[in-house]
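Undergrad:
In mature numbering (1 follows the signal peptide of the UniProt record, and there is no 0), the protein residues as written are -15 to -1, 1 to 245.
(1) With distances taken from CA atoms, which of 240, 81, 11, 36 is nearest residue 228?
(2) Of all the beta strand (DSSP E) runs that stay within the bounds of the stretch 184 to 242, which reach a length of 3 or more residues?
(3) How big is the Cα-Cα spacing for residue 45 and residue 38?
(4) If you draw a straight line from the alpha carbon of residue 222 to that of residue 84, how long is it in whole angstroms?
(5) Hey, which unbroken runs of the alpha helix (DSSP H) at 4 residues or more fall wholly within the stretch 104 to 170?
(6) Taking three-plus beta-carbon pairs below 8 angstroms as touching, is the stretch 130 to 150 in contact with the stretch 166 to 185?
(7) Quick check: what's the CA-CA separation for residue 107 versus residue 198?
(8) Since residue 178 is in the alpha helix (DSSP H), which residue starts that stretch and which ends it?
(9) Mapping the DSSP letters down to three states, classify residue 14 as helix, strand or coil.
(10) Checking the sheet assignment: what are the DSSP bridge partners for residue 72?
(11) Just how far apart, CA to CA, sit residue 204 and residue 237?
(12) When you compare each of 225, 65, 15 to residue 42 by their alpha carbons, which one comes out closest?
(13) Use the C-beta contact count for residue 74: other C-beta atoms within 10 angstroms, 16 or more gives buried, fewer gives exposed.
(14) Taking 7 angstroms as the threshold (C-beta atoms), are residue 120 and residue 150 in contact?
(15) In angstroms with no decimal places, state the Cα-to-Cα distance between residue 192 and residue 118.
(16) Could you give the DSSP three-state label for residue 27: helix, strand or coil?
(17) How should residue 158 be labelled, buried or exposed, when 16 other C-beta atoms within 10 angstroms of its C-beta is the threshold for buried?
The following block contains the structure:
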């Protein structure tokens, strides 16, 4: 009997080697004993009592509730949401909608305990993990017309009066569209042109009124913001996530939007 118990314990240890014991399911084991034990219920986020048979099973098996809570209790507040997973040592500078196109090159902290987005997902500003294509800035880019581009007649030889937004003049102007190809700086009416491009420019100008905001992350990205008190664009270090719209990749980008 002693040999079977030892064999079962060894088998259980080998079976769970390299796995996180708190992630394992409740397992009674092969024997028919009646031993009150505790295991960590991942779904509930706390330790529960169960009856252990006395041999086999797995490592999510504790003699007392205190022992269980000591080993796994830090998970109680870490029942992760949709498209998330728990990581005992995840990156302290995770990918977000804000930094996905320019991820942190280095991170001050070594690792962070808690929930992180699963592979292929990034953290949105509302805290949810989404596919990058569902980030607000990317969706806006998909919907945004080419307001900063020159009008294109296209490949065809038709004659369609249209409007385009002239960025230098800050107004919509007529042009002739051939009927196919071209770009998205192309509107059927002057009103549609101003609604799309005038509003975008107005929203961009609102960013110039906001204060500089580094954001909560600890990366270091060279950026520019408009200092409304000084009336000029100045460099600052962006943390990589959060912040606001007064955040430009280059000084030229900042000046194009904020300096009349």
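From the three backbone atoms N, C-alpha and C, an ideal C-beta is built for every residue, glycine too.
TA: In this structure, then:
(1) Walking along the chain shown from the start, residue 228 turns up at place 243. Of the candidates 240, 81, 11, 36, the one whose C-alpha sits nearest the C-alpha of residue 228 is 81.
(2) 206 to 212, 217 to 223
(3) Locating residue 45 in the chain shown gives position 60, where the first residue counts as 1. Locating residue 38 in the chain shown gives position 53, where the first residue counts as 1. The straight-line gap from Cα to Cα measures roughly 14 angstroms.
(4) Translated into positions along the chain shown, residue 222 becomes position 237. Translated into positions along the chain shown, residue 84 becomes position 99. Straight-line Cα distance between these residues: approximately 13 angstroms.
(5) 121 to 128
(6) yes
(7) What you label residue 107 is simply residue 122 of the chain shown in a count that begins at 1. What you label residue 198 is simply residue 213 of the chain shown in a count that begins at 1. Computed Cα separation, rounded: 21 angstroms.
(8) Looking up residue 178 in the chain shown gives position 193. Unbroken alpha helix (DSSP H) run through residue 178: 175 to 178.
(9) Counting from 1 along the chain shown, the entry for residue 14 is found at position 29. Three-state DSSP puts residue 14 in coil, outside helix and strand.
(10) Position 87 of the chain shown, counted from the first residue, corresponds to residue 72. In DSSP, residue 72 forms a bridge with 99.
(11) One-based indexing of the chain shown puts residue 204 at position 219. One-based indexing of the chain shown puts residue 237 at position 252. Approximately 23 angstroms between the Cα atoms of the pair.
(12) The residue labelled residue 42 in the question sits at position 57 within the chain shown. The shortest Cα separation from residue 42 among 225, 65, 15 belongs to 15.
(13) If you number the chain shown from 1, residue 74 lands on position 89. By the 10 Å Cβ count, residue 74 comes out exposed.
(14) Residue numbering aside, residue 150 sits at position 165 when the chain shown is read from its first letter. Residue numbering aside, residue 120 sits at position 135 when the chain shown is read from its first letter. No, the pair does not count as a contact, with Cβ atoms beyond the cut-off.
(15) The count along the chain shown starts at 1 and reaches residue 192 at position 207. The count along the chain shown starts at 1 and reaches residue 118 at position 133. Going by the C-alpha atoms only, they are around 23 angstroms apart.
(16) Locating residue 27 in the chain shown gives position 42, where the first residue counts as 1. Of the three classes helix, strand and coil, the one that applies to residue 27 here is coil, per DSSP.
(17) Taking the first residue of the chain shown as 1, we reach residue 158 at position 173. It is exposed - the Cβ of residue 158 has fewer than 16 other Cβ atoms within 10 Å.
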